[in-house]
């Protein structure tokens, strides 16, 4: 449908019909049982006509349900418009993949795109049109529960994943490809910078940091064609995102050239009253529409007050028409005018959802996401050894994480099931281990199993509700009962392997005495099989951390790409008058990019295609690697850059490229990373982006701390 046709529709709409297009309601309003709608209707003070004309719907699932709702909507809409069905499909629809933080640890754009593609297929066949993903908030504070939804602490890596995820969801032709769904970028902007790691809290960030660290990944997704942007809950410079003209009019639309609609997060427009920047709902509606927020999710400030604003000032009609046009353009981009039921297919839904192929995809990606943190030689496990498996996460289906909306516990492969399927001497405890309490029977069982077997696999971690939205924690250790269980088992176990199921980096000092630690995150539907394949060595671990693990919560936020200070710690760590703690080092326990494998890979040489270049050049960074083991390994070669002298203080190192390479047994291979010098641009004092002439250190290694080669590059 051409824009002129959309404008003609708008011309025919009454002001109230236009306002209704800006309202998004949850699935509760579209149940078949009228009595179930009564409570939600009374809470929002809306009637059936408003419900039937709301421009989009949140959280509907199931092909037949979606078809029925769309049919009813079109029949009751005065202009026979279709509605848009949206939902939070964060890391899988029914086939649940690892949480996004774990996906970040794959360092694989292909894996992330595959996750999004499978999620899109299962979502679209179930009737959905749009997912509220990717979440592209840069994260540095593991106390914040929503680190679970981010791919990590680095703007470059996050940007690479942003492009991959958007393409996976949307494909190359969203309007024609019914297996795809539209992507929504969230949360604009800097939601991950909440002070104290407390959800919904204030963000206090300089404009330089905002532009260099937080905005790039959102921008990358918009450049990749993402169709919708969601506001953040937080304030920046005291202004809530949902009423922030600077963010949405100046940055998003003028600078980033985004032309699609903007949606508030749940009730975020009305919450501007709580922030103290709006006196009432009418004031909140005014601020939001002036900022360019087109869709109001689950509050009715627009529904109740936009028409008043229009009557008082004609310019609000222009803003209203502008928003309606963007919403209709999204419906058009989805092909809903031609095919309002889009990919919804009751029969195909049965074939596609949780198919064997999707399970296999989830397993392989889970294997790539797991990070081996410690191993003193006990892994991989041998099938000749007697292995005991127990702990509060050993036999539970709670391996999916907080945002696995359609996932089902009984469809998850547990850790015990995965290990037992290997045909080894595996004993699974029949005791019920709790997350927060040990019984005498538990402890006795644990000691007996540890004594009778060669190896203990102890499964510890968080419940799904302990990380995610509204799940901030000031103490990021394992629960004390689990630490007590570990200590009792450590006393008698010959070999002790800990498998962690969690949604954030943890303080792991309490389990330092483990022989091996596998960070499995919330690995999803196929988690147990993936963990078993890693532990038994059928898969060589290749995950690398995309977010640092602190030595102590007192270091938080701790991240790799810090700026130098006037009294740098690195110059004299034993001196007092440098920037340091007295009681702990400045460094993370496990740094960004870190991860072990079962192979020894040596970095033998590094060369540059040229060591003198131009500001608009491309430099080849060539690294020679050797696999000194008898098993294949995937190595992630990481390139970091330091700008030695700049207009503003620059980080000690910044990721500017990486390459994954498979090395066969005893193989030597050259790996080339292409460095475009435009990637060395930064925000200057006048807020412009540019690359300076001068000297740069180029460093490579297996993680951000162990950088084994460094070369000088001069740009002129």
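In the numbering used here, the protein residues as written are 58 to 773. Glycine included, every Cβ here is placed at the ideal spot set by N, Cα and C.
**Request:** Using DSSP bridges, identify the partner residues of residue 12.
**Result:** What the structure shows of the chain is the stretch from 58 to 773, and residue 12 is not part of that stretch, so it cannot be assessed.
**Asked** In angstroms, rounded to a whole number, what distance separates the CA positions of residue 487 and residue 537?
**Response** The alpha-carbon atoms of residue 487 and residue 537 are separated by roughly 22 angstroms.
**Asked** Using the C-alpha atoms, what's the distance from residue 433 back to residue 315?
**Response** 51 angstroms
**Asked** Could you check where the alpha helix (DSSP H) with residue 374 kicks off and where it finishes?
**Response** Note, residue 374: alpha helix (DSSP H), 372 to 390.
**Unbroken stretches of the alpha helix (DSSP H), 4 residues or longer, contained in the region 212 to 236** = 212 to 227
**Prompt:** Can you give the Cα-Cα distance for residue 600 and residue 377, rounded to whole angstroms?
**Reply:** 48 angstroms
**Entirely enclosed alpha helix (DSSP H) segments - the region 283 to 308, minimum 4 residues** = Correct list: empty.
**Request:** Using three-state DSSP, classify residue 274 as helix, strand or coil.
**Result:** helix
**Message:** Please report the straight-line C-alpha distance between residue 331 and residue 273, rounded to a whole angstrom.
**Reply:** 30 angstroms
**Asked** DSSP three-state call for residue 447: helix, strand or coil?
**Response** strand
**Asked** Does DSSP classify residue 721 as helix, strand or coil?
**Response** coil
**Request:** Compute the Euclidean distance between the alpha carbons of residue 2 and residue 289, then round it to the nearest angstrom.
**Result:** Residue 2 lies beyond the range of the chain shown here (58 to 773); nothing can be said about it.
**Request:** Over the uninterrupted beta strand (DSSP E) stretch that includes residue 700, give me the two end residues.
**Result:** 690 to 700
**Asked** Identify the residues that DSSP records as bridge partners of residue 647: which are they?
**Response** In DSSP, residue 647 forms a bridge with 606.
**N- and C-terminal bounds of the beta strand (DSSP E) containing residue 162** = Residue 162 -> no beta strand (DSSP E), and no H or E assigned at all.
**Item:** Where residue 405 falls: helix, strand or coil (DSSP)
**Value:** helix
**Request:** Check whether the region 193 to 205 touches the region 634 to 642, counting contact only when three or more Cβ pairs, one atom from each stretch, lie closer than 8 angstroms.
**Result:** no
**Test item: CB-CB of residue 153 and residue 582 under 8 angstroms** = yes
**Request:** Determine, using beta carbons only, whether residue 512 and residue 552 come nearer to each other than 8 angstroms.
**Result:** yes
**Request:** Identify, in the order they occur along the chain, each residue of the same chain with its Cβ nearer than 6 angstroms to the Cβ of residue 669, setting aside the five sequence neighbours on each side.
**Result:** Within the same chain, residue 669 has close Cβ partners 771.
**Request:** Please work out which residues of its chain come closer than 6 angstroms, Cβ to Cβ, to residue 549, disregarding the five sequence neighbours upstream and downstream, and give them in chain order.
**Result:** When the five nearest sequence neighbours on each side are left out, the beta carbons in the same chain lying within less than 6 angstroms of the beta carbon of residue 549 are those of 504, 507 and 508, in order along the chain.
**Message:** Give me, in chain order, the residues of the same chain whose beta-carbon lies closer than 6 angstroms to that of residue 159; leave out the 5 immediate sequence neighbours on both sides.
**Reply:** Exclusion of the five residues before and after residue 159 leaves 426 and 578 as the residues of its chain whose Cβ lies within less than 6 angstroms of its Cβ.
**Asked** Could you check where the beta strand (DSSP E) with residue 426 kicks off and where it finishes?
**Response** Note, residue 426: premise wrong, no beta strand (DSSP E); alpha helix (DSSP H) at 413 to 426.
**Prompt:** Taking buried to mean at least 16 other C-beta atoms within 10 Å of its own C-beta, is residue 450 buried or exposed?
**Reply:** buried
**Message:** Runs of 4 residues minimum, wholly inside the region 307 to 352: which ones carry the alpha helix (DSSP H) assignment?
**Reply:** Those alpha helix (DSSP H) runs which fall completely within the region 307 to 352 and span 4+ residues are 329 to 332 and 338 to 348.
**Prompt:** At what residues does the beta strand (DSSP E) containing residue 538 begin and finish?
**Reply:** Taken as a continuous stretch (DSSP letters only), residue 538 belongs to no beta strand (DSSP E), being part of the alpha helix (DSSP H) at 537 to 549.
**Message:** Tell me the rounded alpha-carbon separation between residue 608 and residue 602.
**Reply:** 15 angstroms
**Item:** Proximity of residue 381 and residue 374 at Cβ, strictly below 8 angstroms
**Value:** no
**Prompt:** With a CB to CB cut of under 8 angstroms and the five nearest residues on each side skipped, what residues in its chain are close to residue 170?
**Reply:** 221, 222, 224 and 225
**Item:** Cβ-based neighbour list, residue 701, same chain, cut-off 6 angstroms, excluding 5 preceding and 5 following
**Value:** Excluding five sequence positions before and after residue 701, the CB atoms of its chain that fall closer than 6 angstroms to its own CB belong to 752, given in chain order.
**Message:** On the CB-based measure, 16 or more other CB atoms within 10 Å of its CB, does residue 720 come out buried or exposed?
**Reply:** The residue is buried, with at least 16 neighbouring Cβ atoms inside 10 Å.
**Prompt:** Quick one: what does DSSP say residue 493 is sitting in, helix, strand or coil?
**Reply:** coil
**Request:** Output the boundary residues of the beta strand (DSSP E) element that contains residue 558.
**Result:** 553 to 558 is the extent of the beta strand (DSSP E) around residue 558.
**For residue 671, the first and last residue of its enclosing alpha helix (DSSP H)** = Where residue 671 is concerned, there is no enclosing alpha helix (DSSP H), given that its DSSP letter is neither H nor E.
**Cβ-based neighbour list, residue 529, same chain, cut-off 7 angstroms, excluding 5 preceding and 5 following** = 200, 201, 202, 254, 255 and 256
**Asked** Once you ignore the five residues that flank residue 38 on each side, which residues in its own chain have a CB closer than 8 angstroms to its CB?
**Response** Only positions 58 to 773 of the chain appear in this structure, which leaves residue 38 out of reach.
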